[in-house]
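> Starting off with a structure, shown below.
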Amino acid sequence: MTAGICSQFGTGEKYMEIKNKSKILIADDSEMNRSILLDMLEEEYEIVQSENGAYAVAVLRQMGTEIALVLLDIVMPELDGFGVLDMMNQYHWIEDIPVIIISAESSSTYLERAFELGVTDFISRPFDNLIVQRRVTNTILLYAKQKRLFDMVADQIMEKE
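For the sequence shown, the positions run 65 to 225 when the working numbering is used.
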């Protein structure tokens, strides 16, 4: 099983920079697709890779909300993308961790089911660097703003109580 965190931890300044990067889980059975996405995103994000859905769920179970975003393929061995989404819903991870589907499969049936299971967005293959960068960044920023607003409201409610 080829998986793991694809960052090198150095010392001093570089360590702090890497330590503070948002983590993205790329779950795709195609090593080539993972490599393309890694090349597009590794400067800005810390990348965790999974070659199947079962390992993706194990990563989510272990890392939880340390994962800022999941890039998820639908067609994978052991557990497909829909199975991963089912698990994310079962454990309520989908509420805190946005998911973008990455797939060449763009039939309306697949997309409707994915959106019903809580997917935030869809990126089709072949990948366009600018589109991947913007959608990933926008989704992570949107969820971060949403979390800050939720925390502010929760703090205000606690103050009033």
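All C-beta atoms, glycine included, are put in the ideal place defined by N, C-alpha and C.
Values in this document were obtained by computation on a predicted structure and should not be read as measured data.
1. Does the separation of the CB atoms of residue 181 and residue 214 fall below 8 Å?
2. Could you tell me the alpha carbon to alpha carbon distance between residue 118 and residue 142, rounded to whole angstroms?
3. Any idea if residue 101 is buried or exposed, counting beta-carbon neighbours within 10 angstroms, 16 or more meaning buried?
4. For my contact list, residue 185 and residue 203 are in at a C-beta cut-off of 8 Å; report their separation, rounded to the angstrom.
5. Could you tell me whether any Cβ in chain D is nearer than 8 Å to the Cβ of residue 94?
6. Measuring alpha carbon to alpha carbon, tell me which of 91, 144 and 172 ends up nearest residue 131.
7. Specify whether the stretch 108-128 and the stretch 169-183 touch according to this definition: at least 3 beta carbon pairs, one from each stretch, less than 8 Å apart.
8. Give every residue of the same chain whose Cβ lies closer than 6 Å to the Cβ of residue 152, excluding the five residues on either side of it in the sequence, and list them in chain order.
9. For residue 162, I'd like the list of residues in its chain whose CB is within less than 6 Å of its CB, leaving aside the five on either flank, ordered along the chain.
10. I'd like to know whether the C-beta atoms of residue 167 and residue 138 end up nearer to each other than 8 Å.
11. With distances taken from CA atoms, which of 216, 212 and 88 is nearest residue 136?
12. Pull the bridge partners of residue 91 from the DSSP assignment, please.
13. Taking all protein chains shown into account, decide if residue 95 is buried (16 or more other Cβ within 10 angstroms of its Cβ) or exposed.
For this structure:
1. no
2. 6 Å
3. buried
4. 6 Å
5. Among the protein chains of the structure shown there is no chain D, as only one such chain exists.
6. 91
7. no
8. 158
9. 133, 184, 203 and 207
10. yes
11. 88
12. 114 and 136
13. exposed
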